[in-house]
Structure formats: structure tokens, C-alpha cells
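> Handing you this structure, nothing more for now.
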Amino acid sequence: MNNTAPKLWSPGDWNALFGFGTNILVNLLTLTALLRYVVKLPDDIVFGRILPATGLMLFLSTGYYAWLAYQLAKRENRDTVCALPSGVSVPHMFVVVFVIMLPIAAASGDPIHGWEAGLTWVFVQSFVLMLGGFVAPWVKRITPRAALLGALAGVSITFIAMKPALDMYLDPVIGLVCFAILLASWFGGVRYWRGIPAGLVAIAVGALIAWGGLALGRDFGGMDPDALGSSLASFGFSLPIPALGHVFGGFEYLGVILVTAIPFGIYDLVEAMDNVESAEAGGDRFPTTRVITADGVVSLVGCLLGNPFINAVYIGHPGWKAIGGRIGYSAATGVMVLILSWCGLVALLMALIPVVAIAPILLYIGLLIGAQAFQETPRAHAPAVVLALIPQIAAWGKLMIDNALAAAGTHAGAIGIDTLAGTGVLYRGLELLGGGAILSSLVLAALVACIIDRAHARAGAFALAGAVLTFFGFMHSEAIGVAVHPSIATAYLLVAGGMFVLARQTATRPIDLAHAALEAAD
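Okay, structure coming up:
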């Protein structure tokens, strides 16, 4: 313990900067591609309005979390505090594009209307986050860590790690080599020449293989010299400007927007709470209310300037901390994003760096968060962690089926749910279990963890919460409403009743707590 002020920059921040920075870069490249090629927004809107606003939002977010980490390090008089990572919420990026922006752009015949609907969607979600931030600490106190970290592990394994893992094997010469470079350093402790960060080494080697292979007539990474040349046209300095008219222009689609904005606002709330718990398990305790409300505030600022994507605290704090990240990496990432987005450099990077060279970084984060769910929870709660994974796997499986059928120009309803079931594809089961997966994971895992601890009254309370959330469509559904799935809600009610009966019996006939503890340890 020392009495000096915490350092704003540590040697390990270089590692975290290139790791986290490339993660943010991948997301910027992805959302740019979605806006240009899916929603089909003109480049002057994408590069001149949206990206500058997104860059400012990310700059404010990463700067705030760096400041929060500095305050924590100063208060606790230690130099091991790692700032929370944050950025554009990846699941929401796809939801707002494919569920809100694309359908409205197609129906209206004008992609600008789709953009406006996306802005209104974020506007609503921002207030859900700001208000929900005051409830989250109470939820965090009563929820078992196995439920919070298990739900997070489910997201990281399916929606964070699976795609990069698949991408690696589609282009293994780059993917596996870059993955080995990262593993050797971040898990194996290998130091590269002159301490060059592993993330930078992986990107450089991946780009060298891609462009070197192209020069030799081999296609590694799908690089295109023509795209590299045309990307130079996007150069230019663009500042974010107010987009209030566009934000309120999307209110004509408010009915459609609320169906997803409120449930996904709650999803953001729970995910942020999970990530704060993950950081606390790694030794850094941040104030939950300030974290979640900050996400809402910076998202609102970005939205009012034209950014149709929500900000979120990211999965991965333990990973960046493990490779030496402290305070500076977060603020430096924000500055990097600001320069890239305001100077029109994103398109150049899209053409220069093979995405498969960056994908292993996301897989690493998935591995670390999945492992943490088991390592930082009581051993007896392992079944609860495994159960928390299952709704996320169901949601991911349904998404894969939906995307495959859409590519074939059809959907599950047209083929027939019974026909799919006859081939072993239980589509309806995936739909029910995977709907509202983040909440389903949390409630089910909490229920199991409480049962393992013989805390039957708390288990009953979580089952009762599951009944209410299911009745209104926040769980086991993709749309809110009233009596959405009454049979599932009734099942949760029956479970709650059973747990309360057990709690009453336990109160009148105490069990041998020492014997129960030995059973749980076994």
C-alpha cells in the first residue's frame, strides 16, 4: 500500500488499448457496414452525421469510466484498479438495425425514416436506463452471484465468442495464427519483442499474411485493393451536430418502437449490473447506480446528435485487467475513436485490416468471462451457472435458424412449426426459452442457487418474479403485452407456491445446517 496518486498510464495499458481498441474498432466497422449496406443510408449521413456522434458518445463514455476508476484507485489507495470497458452495445446494434431501422426504411421507402426510428428507440431506452439505475443496486444485493455471472457467461459464449470462433475457422491461416499469438501472451505470459502488445502483434501479423498472400495470388482475409483506394474518398473532418428534428421525427413509429425498446432497456439494465458484478469479482467495486445512469446519459447525448446505437458497459473487465489494463487504456480508446470518426478514417481501416485478425480478441473475452462464472462463484452453485447458459444458447440457436430461413426467402411459420419439430428442430421451444434470455437466465439461475442454499423463501421470490415478468412478456417472449404466456407464468406461480411451503416447513423444522453445508460442498 502506498500514498502516491494512482498512475494515469501503466505499461499494461498498451496491451489493453490494442485489445480493447481493436474490439471497439470491430464494432465501429460492423455498424458502419450495417448502416451502409443493410439500411442503405447515404455516406454523407453515415460518415458526416452518425459516426461523429457515435465517436463523441464513446469518448464521453470511456472518459467517464476512466475518471471513475481514477476516483476508486485514489479512494482505496491502490494502483490495480481497471476501468470498466464500454462501447456500443453489440446485441442492440443488430436489433435496432434489423428489427427497427430496416423494416421501417423498407416500408416507408426512405432509409432516413429508418434512421429516425432508431434515434427514437435509443431515446426511449436512455430513460429506461437512467431510471433503472436507481433500482439496480437493490436487485444486485438480493441476486446470487452465480445468476449474475452465469447470465453474463451465456451472452459471452453465444453472442460474443461463437461468431469470431466460426470466423477463425473460415480463414484459419490468419485466424488461428492470431489466436495463438494472443493466447501465448494473455494466458501464457509470453512477452513479445520490446514489449509490443499482443493485440498489435496479432493485427500486424494478420494484415501481413493477408496482403502478402494477395501479392502471391492467395486469398487470405478477403482483402481488396480497389476498396482500399475508394476508402480514401471518406477523408474529411466532420463534427457532430444536433439531430433533434430527426429524433422526434421517429415518434410516429413509437408503437412499434416501444415493443422492443422497453424490454431491451431492461436487458441493458441487467447486463450492466452483471458487468459491474464481474468487475467486483475481479477486485474493483464500482457504484452500480452511477454506472448504469451514465450509460443512459451518454446514450441520450449521442442520440440527440444522431447516433442510433445504445452505449453499454462491456463484458471483459477481468480480461483487460489480467493483461495489465488500468485507467489510461479506457480514455486513450475514447481519444482514438474520436479521431477515427471525426476524420473519416473508419472506411480506410475497414479496407486495410482483415476482420478475422481481430476476431480472436472477442473469443478470448468469451473464454475469460465464461471461466469467471465458475471461478468466482461457490462450487456448489455450478449447476446454476450451467442453467444460466441454456436460455442464451436457445436464443442463439433460434437466431441462426431465423437467419438461415430468411436467406432462403422463407420463415419458420411458412415451413410449419410441426414440420420442423418432426425433423428434431424444436423451434417453438427455442422461441420460448430464448425469448428475453438475459432475464430468463438470471431468474432460473437465481432460483437454482437459492434452492441449493436451502433459501426457499428467496427461491420462491425469484419464481414469483419470473411469473410476473413472463405474464407481461419480458421473459420467454420477444414482445411485451398482457397474459403473453399464461401457462408458463402459471408454472412459475406453482413453483413459487411450492418454495414458500418449503420455507414454512423449514422454519418450523430447522435442518442441520452443518450437514447441508457438507452436502453442498460434495
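Under our numbering, the first residue of the sequence shown carries the number 39, and numbering increases by one thereafter. Every residue, glycine too, gets a C-beta built ideally from N, C-alpha and C.
Closest by CA to Ser-268, which one among Thr-158, Ala-385, Trp-105, Val-351?
Looking at the Cα atoms, Ala-385 is the closest of the given residues.
> Would you say Ala-483 and Ala-184 are within 8 Å of each other, going by their C-beta atoms?
Their beta carbons are under 8 Å apart, which means Ala-483 touches Ala-184 by this criterion.
> In whole angstroms, what is the alpha-carbon distance linking Phe-347 and Leu-387?
Spanning the two alpha carbons is a distance of roughly 21 Å.
> State whether the segment 472-486 contacts the segment 412-426, with contact taken as three or more CB pairs (one from each stretch) at a distance under 8 Å.
yes
> Suppose the cutoff is 8 Å on Cβ atoms and the five residues either side in sequence are ignored; what does the same chain contact list for Gly-508 look like?
Residue identity differs from the one stated: residue 508 is Thr in this sequence, not Gly. So the list reads His-514, Ser-515, Val-522, His-523, Ile-526, Ala-527, Tyr-530, once near-sequence residues are dropped.
> Could you have a look at Gly-125 and say whether DSSP puts it in helix, strand or coil?
strand
> Within 10 Å of its beta-carbon, does Ala-155 have 16 or more other beta-carbons around it, so buried, or fewer, so exposed?
buried
> If you compare alpha carbons, which of Leu-471, Ile-247, Ile-295, Val-375 is closest to Leu-390?
Ile-247
> Can you tell me the Cα-Cα spacing of Ala-222 and Val-228, whole angstroms?
6 Å
> Can you grab the Cα-Cα spacing for the pair Ala-310 / Val-64, in whole Å?
21 Å
> Go ahead and label Ile-180 buried or exposed: buried means 16 or more other beta carbons lie within 10 angstroms of its beta carbon, across all protein chains shown.
exposed
> Suppose contacts are defined by Cβ-Cβ distances below 8 Å. Is Gly-93 in contact with Val-375 by that definition?
yes
> Output needed for Lys-359: all residues of its chain with C-beta closer than 7 Å, excluding positions within five of it in sequence on either side, in chain order.
Cys-120, Gly-320
> Determine, for Asp-81, whether the minimum Cβ-Cβ distance to residues of chain D falls below 8 Å.
Annotation note: the requested chain D is absent from the structure, which comprises a single protein chain.
> DSSP three-state label for Ala-350, please.
The three-state secondary structure of Ala-350, taken from DSSP, is strand.
> Give the single residue among Pro-49, Leu-55, Thr-60, Gly-50 whose Cα lies nearest to the Cα of Val-394.
Thr-60
> If you check the beta carbons only, do Val-128 and Phe-197 fall under 8 Å apart?
yes
> Using the Cα positions of Tyr-207 and Ile-219, report the straight-line distance between them to the nearest angstrom.
Computed Cα separation, rounded: 16 Å.
> Tell me the DSSP secondary structure of Ala-54 in three-state form.
helix
> Identify which residue in Tyr-291, Ile-330, Gly-354, Gly-460 has its Cα closest to the Cα of Lys-178.
Comparing alpha carbon positions, the residue from Tyr-291, Ile-330, Gly-354, Gly-460 closest to Lys-178 is Ile-330.
> May I have the straight-line CA-CA distance separating Asp-306 from Pro-123, to the nearest angstrom?
15 Å
> Considering only residues of the same chain and omitting the five flanking positions on each side of Ala-189, which have a CB-CB separation below 6 Å?
Asp-312, Ala-426, Ile-476, Ser-479, Leu-480
> Among Ala-265, Leu-214, Asp-264, which one has its Cα closest to the Cα of Ile-241?
Leu-214
> Report the residue from Leu-470, Val-539, Tyr-102 whose alpha carbon sits nearest the alpha carbon of Arg-496.
Of the listed residues, the one whose Cα sits closest to Arg-496 is Val-539.
> Among Gly-244, Val-308, Phe-136, Ala-432, which one has its Cα closest to the Cα of Pro-175?
Val-308
> When you compare only the Cα positions, how much space is there between Gly-366 and Arg-328?
Rounded to whole angstroms, Gly-366 to Arg-328 spans 20 Å at the Cα level.
> Figure out for me which residue from Val-239, Gln-430, Asp-51 has the closest Cα to the Cα of Glu-469.
Gln-430
> Assuming Gly-354 and Ile-403 are in contact, meaning their beta carbons sit under 8 Å apart, how far apart are those beta carbons, in whole angstroms?
The beta carbons of Gly-354 and Ile-403 sit about 4 Å from each other, so the pair counts as a contact at 8 Å.
> So is Met-537 buried or exposed if we call it buried at 16+ other beta carbons inside 10 Å?
Per the 10 Å Cβ criterion, buried.
> Count the other CB atoms within 10 Å of the CB of Gln-410; is the residue buried (16 or more) or exposed (fewer)?
buried
> With three or more C-beta pairs closer than 8 Å as the rule, is the segment 151-165 touching the segment 332-340?
yes
> Below 8 Å between beta carbons: does that hold for Gly-237 and Gly-57?
yes
> Rounded to whole angstroms, what is the Cα-Cα separation between Leu-383 and Pro-49?
Taking the straight line from one Cα to the other gives about 27 Å.
> Is Ala-370 closer than 8 Å to Leu-55 when the C-beta atoms are compared?
Result yes, Cβ atoms of Leu-55 and Ala-370 sit closer than 8 Å.
> So Thr-448 is in the alpha helix (DSSP H); what residue range does that whole segment cover?
Run containing Thr-448: none; DSSP gives neither H nor E here.
> What is the rounded straight-line gap between the Cα of Val-126 and the Cα of Ile-62?
8 Å
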